[in-house]
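Chemist: Pasting a structure here, questions to come.
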Amino acid sequence: MQLLLGVPRRAESNIKASIQGLISGTRFTTDDVHRPSVSHAASVRLTSHSRALRIDDPEPSTRAILAALERVAGTEEVVLQLVLGPRKAARAVPARPAPSSVLGPRPADRADSEARSALRAKQKLSGFDCAIRLGVTARSPQRRQTLIAGVLSALRTTEMPGVRIRLVRAASRKINSALNPWWWPLALNSAEVLGLIGWPIGDSDFPGVPGLHPRLLPPSDQLSATPDRVVATATAPGHSEAIGLDVGGSLRHTWVLGPNGTGKSTLLANLAVQDIAAGRGVVIIEPKGDLITDILERMPADRTQDVVILDPTDHTPVGLNPLSGSGREETRVEGLLSVFRSLYVDSWGPRTQDVVHSSLLTLARRGDASIAMVPLLLTNTGFRRSVVRRVAAADPVALGPFWAWYDALSDGERATVIAPIMNKLRPFLLNPGLRAMVGQRQPRITMSQVLADSKILLIPLRKQIVGAEASRLIGSLAVAELWQAIQGQLALTSGARRPVMVYIDEVQDYLHLPTDLADALAQARGLGAGFTLAHQYASQLSPTMRAGFVGNIRSRIAFQLAHDDATLLAKGHPEITADDFTALPAFNVYASLATTNGEVTPYASGLTSALPPPSSDPDALRRLSQTKYGQTLDQVERELAELVEVDATSTDTTGGSGRKRRTS
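Letter by letter, the sequence shown follows residues 1 to 664 of our numbering.
What follows is the structure, encoded as structure tokens:
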């Protein structure tokens, strides 16, 4: 169904502005629209020119008219055309003095009074001379009659006592060319026109036209016409352009919200594929692996050498060692402590904090350690003394006294102290693949190298295989090491920092930074890291994380939402309501995006694109990543065993930090 408006060109802008001002949400298309000609036509007549049609509520007649126009099938056409002529000003009807009679008003006087009231209702509003025409094209005379009768019945819902609507034959050329009549057969006030025009005005859904929800909202003119990262294609009438982000706007971060089945993963994959094709650095952390597979199937040939896959189920995994890297050891350790505190908040006491903090800091100062060595440090006396001997002298205030206290404990006391820690570390260290990943003292590639070389780091956490707890820990450790690498960009000039796009799906499970989230997001933008953070429901976020998202992530992309989430995202945006979000079909979004200069645009409606067809072999890319960057469990444990043997052999039994046996 089409609503067409023809106006003199000189008045076009004024009429558009007037309609948009009076009918909120009206959108005009500027495309050339050709209405097929009709074969038969009729013209509307009224039985009275002095009595008004029903003017109190146009909704019933509008609903009936649109329902009648919707009944066409195939190549059939039904047209309702209203041509407005000269304007008619509102006029007062002079009062007629009642005749003097002792018997009261005569019947003729009463009839005259009623007619004058009807005329007053007709003329109290300004209006137009006009013509109303019906046109039809159908396969048979009977079908034409049926379609025209349906529209006539709809128009007759406006009839009032003393005024009826009828049809007379008309030449089809008049309706096909929208010709002005040589005389105007109708005079209607503005309320009568509104009841006959068939425009879907009101707070209800009407037949044959898009519903009130979801609203189709056009993209802002502030957005780039050729964005670096396309989010969706506009769905507002008259708009088919791309809705998207430039790199500068992307660095102000993006919040993607949508339950399962709405199209969230497809959007993330499409954005990542665009980033990869453009040569940007990419880091993707996701809980299952399907998103990673989609991306590996669409890897450009010129970027295959940049692919790094950190998969906890690989037999030759890429290493993850947040204890290594540049910068201060205390900073790296604080990042790890933040992860452990967040994951084990219900069983993380001051004693556990003290032991883990001291252990991690001791290993970090060794320079070639991994978190897989924490149990070894706490349980192997020879190894512990060799490591502690190297750091205690350099830190006689904190680490030295701590290890002296620890070594002074009895075996039973020591077992009690470390039991909560071992309970947390054993579940994932008992998994050979995870042990091979986090046990690498010197991984073949680090997060800093990923950023420096614009690598494509893909981290499928395989939650369904390694378990929820282990996947949360690995994902959180990866984020911690990534954050340290991002902070390391401070050593570079702004011009030397390469932008990296970081995607974290189910972000609530993995984002545990040692600093305030708002500060972290602001700092990341300045260091060239743009975060795209995705999850299903706002209730998954802690109050602190939710406040950080609402206040500091500038771009928002929402799929169909539950009511509470819809209310949250609609707040502060008068162009949209919660009902719009809840009514979105699958793969449709509302996007409020940031520009490079930091402006936040109103929500625009869009349809996300399907993924391009596969063009590469994921298995070949996995093998390439393992060959270039992976280490086997045998390699990792052989190095660890050699380290323990060397350290134990070289231990100075007289220089340990614990109590020394008195000799006679």
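Even for Gly, the Cβ is constructed at its ideal location relative to N, Cα and C.
Answer with buried or exposed for Ala11, where buried requires no fewer than 16 other C-beta atoms within 10 angstroms of its C-beta.
Modeler: Translated into the one-based positions of the sequence shown, residue 11 becomes position 11. Under this definition Ala11 is an exposed residue.
Chemist: My understanding is that Ala41 touches Leu134, with C-beta atoms under 8 Å, so please give their C-beta distance in whole angstroms.
Modeler: In the sequence shown, residue 41 corresponds to position 41, counting from 1. In the sequence shown, residue 134 corresponds to position 134, counting from 1. Sure, about 7 Å apart at Cβ, within 8 Å.
Chemist: Taking its Cβ as the centre, do 16 or more other Cβ atoms sit within 10 Å of Trp199, making it buried, or is it exposed?
Modeler: Taking the first residue of the sequence shown as 1, we reach residue 199 at position 199. That one is buried.
Chemist: Can you tell me the Cα-Cα spacing of Leu607 and Val163, whole angstroms?
Modeler: The sequence position of residue 607 within the sequence shown is 607, counting from 1. The sequence position of residue 163 within the sequence shown is 163, counting from 1. Approximately 48 Å between the Cα atoms of the pair.
Chemist: Taking the alpha-carbon positions, what's the Leu425 to Glu469 distance?
Modeler: Mapped onto the sequence shown, residue 425 falls at position 425. Mapped onto the sequence shown, residue 469 falls at position 469. Here the alpha carbons of Glu469 and Leu425 stand approximately 11 Å from one another.
Chemist: What runs of the beta strand (DSSP E), each 3 residues or longer, lie entirely inside the region 327-408?
Modeler: None, since the region 327-408 contains no complete beta strand (DSSP E) of that length.
Chemist: Please give me, in chain order, every unbroken run of the beta strand (DSSP E) with length at least 3 that falls completely inside the region 545-594.
Modeler: 555-558 and 588-592
Chemist: When the distance is taken between beta carbons, is Met447 closer than 9 Å to Glu481?
Modeler: For the purposes of this step, residue 481 is taken as the residue at position 481 of the sequence shown. For the purposes of this step, residue 447 is taken as the residue at position 447 of the sequence shown. Contact: yes.
Chemist: What three-state label does DSSP hand Tyr603 in the structure shown?
Modeler: Along the sequence shown, read from residue 1 onward, the residue named residue 603 stands at position 603. Tyr603: coil per DSSP, three-state reduction.
Chemist: Assess, as a yes-or-no matter, whether the region 292-300 is touched by the region 234-249 under the definition of 3 or more beta carbon pairs within less than 8 Å.
Modeler: no
Chemist: Taking a contact to mean a Cβ-Cβ separation below 9 Å, would you say Ser220 touches Pro602 in this structure?
Modeler: The sequence position of residue 220 within the sequence shown is 220, counting from 1. The sequence position of residue 602 within the sequence shown is 602, counting from 1. Yes, these two residues count as a Cβ contact at 9 Å.
Chemist: Report the option in Asp407, Arg385, Leu80 and Val500 whose CA atom is closest to the CA atom of Val38.
Modeler: Residue 38 sits at position 38 when you count from the first residue of the sequence shown. Per the Cα distances, Leu80.
Chemist: Classify Leu430: buried if its beta carbon has 16 or more other beta carbons within 10 angstroms, exposed otherwise.
Modeler: Residue 430 sits at position 430 when you count from the first residue of the sequence shown. The residue in question, Leu430, is exposed, as its Cβ has fewer than 16 Cβ neighbours within 10 Å.
Chemist: Measuring only the C-alpha atoms, how far is Val273 from Pro612?
Modeler: Looking up residue 273 in the sequence shown gives position 273. Looking up residue 612 in the sequence shown gives position 612. Distance between the alpha carbons of Val273 and Pro612 is about 9 Å.
Chemist: Based on DSSP bridge pairs, tell me the residues matched to Met160.
Modeler: As a position in the sequence shown, residue 160 is number 160, starting the count at 1. Per DSSP, Val163.
Chemist: From Thr595 to Ala242, what does the alpha carbon distance come to, in whole angstroms?
Modeler: Numbered from its first residue, the sequence shown carries residue 595 at position 595. Numbered from its first residue, the sequence shown carries residue 242 at position 242. Counting only the Cα atoms, Ala242 lies some 14 Å from Thr595.
Chemist: To which residues of the same chain is Leu69 closer than 8 Å at the C-beta, ignoring the five residues directly before and after it?
Modeler: As a first step, residue 69 is located in the sequence shown; it is residue number 69 there, counting from the start. The answer, listed in chain order, is Met1, Val78, Leu80, Val151, Gly198 and Gly208.
Chemist: What are the residues that DSSP puts in a beta bridge with Tyr503?
Modeler: Locating residue 503 in the sequence shown gives position 503, where the first residue counts as 1. Answer is Ile284 and Thr532.
Chemist: Taking Ala95 as the reference, give the member of Ser126, Glu76, Leu119 and Val72 with the closest Cα.
Modeler: Counted from its first residue, the sequence shown places residue 95 at position 95. Selected option, being the one with the closest Cα: Leu119.
Chemist: With distances taken from CA atoms, which of Ala73, Ala67 and Arg51 is nearest Val93?
Modeler: As a first step, residue 93 is located in the sequence shown; it is residue number 93 there, counting from the start. The shortest C-alpha separation from Val93 is found at Arg51.
Chemist: Could you spell out where the alpha helix (DSSP H) holding Gln487 opens and where it closes?
Modeler: Stepping through the sequence shown from its first residue, residue 487 is reached at position 487. It spans Ala468 to Gln487 - the alpha helix (DSSP H) in which Gln487 sits, taken as one unbroken run.
Chemist: In this structure, does DSSP put Ser101 in helix, strand or coil?
Modeler: Taking the first residue of the sequence shown as position 1, residue 101 is located at position 101. With a pLDDT of 48 at Ser101, under the threshold of 50, the predicted position of this residue should be treated as unreliable, though the coordinate-derived value follows. In the structure shown, Ser101 sits in coil (DSSP, three-state: anything other than H, G, I, E or B).
Chemist: Just reading off the alpha helix (DSSP H) that Asp519 is part of, what are its end residues?
Modeler: Numbered from its first residue, the sequence shown carries residue 519 at position 519. That run of the alpha helix (DSSP H) goes Leu517 to Gly526.
Chemist: Leaving aside the five residues before and after Ser476 along the sequence, list all residues of the same chain whose C-beta is less than 6 Å from its C-beta, in chain order.
Modeler: Along the sequence shown, one-based indexing puts residue 476 at 476. Closer than 6 Å at the Cβ level, and outside the excluded window around Ser476, lie Val339, Tyr510 and His512.
Chemist: Going by DSSP, what residue range makes up the alpha helix (DSSP H) through Gly412?
Modeler: On the sequence shown, residue 412 is found 412 positions in, with the first residue counted as 1. Run containing Gly412: Asp411 to Leu429, per the alpha helix (DSSP H) assignment.
Chemist: Do Phe128 and Leu167 have their CB atoms nearer than 9 Å?
Modeler: Position 128 of the sequence shown, counted from the first residue, corresponds to residue 128. Position 167 of the sequence shown, counted from the first residue, corresponds to residue 167. For Phe128 and Leu167, no; Cβs fall outside 9 Å.
Chemist: Can the beta-carbon of Tyr590 be found less than 9 Å from the beta-carbon of Ser609?
Modeler: On the sequence shown, residue 590 is found 590 positions in, with the first residue counted as 1. On the sequence shown, residue 609 is found 609 positions in, with the first residue counted as 1. Not in contact: Tyr590 and Ser609 (Cβ atoms no closer than 9 Å).
Chemist: On the three-state DSSP scale, how would you describe Thr304?
Modeler: The residue labelled residue 304 in the question sits at position 304 within the sequence shown. Three-state DSSP puts Thr304 in a helix.
Chemist: Taking the alpha carbon of Thr293 as the reference point, which residue from Leu621, Asp205 and Tyr629 has its own alpha carbon closest?
Modeler: Within the sequence shown, the letter at position 293 stands for residue 293. The residue with the shortest Cα to Cα distance from Thr293 is Leu621.
Chemist: Kindly indicate which three-state DSSP category Arg289 falls into: helix, strand or coil?
Modeler: Translated into the one-based positions of the sequence shown, residue 289 becomes position 289. In the sequence under discussion, the amino acid at residue 289 is Gly, which differs from the Arg named in the question. Coil.
Chemist: Would you be able to state if there are at least three C-beta pairs under 8 Å between the region 178-196 and the region 512-521?
Modeler: no
Chemist: If you count every other CB in all the chains shown that lies within 10 Å of the CB of Glu642, and 16 or more means buried, which is it?
Modeler: Within the sequence shown, residue 642 is the residue found at index 642, counting from 1. It counts as exposed.
Chemist: What are the boundary residues of the beta strand (DSSP E) that Asn189 is part of?
Modeler: The count along the sequence shown starts at 1 and reaches residue 189 at position 189. Element bounds for Asn189: Leu186 to Asn189.
Chemist: Cα separation between Ser100 and Asp112?
Modeler: Translated into the one-based positions of the sequence shown, residue 100 becomes position 100. Translated into the one-based positions of the sequence shown, residue 112 becomes position 112. Note that Ser100 scores a pLDDT of 49, beneath 50, so its modelled location is shaky; the value from the coordinates is reported in the next line. Note on geometry: alpha-carbon atoms of Ser100 and Asp112 lie some 15 Å from one another.
Chemist: DSSP on Thr146, reduced to helix/strand/coil?
Modeler: Start at 1 with the first residue of the sequence shown, and residue 146 comes out as number 146. Three-state DSSP puts Thr146 in a helix.
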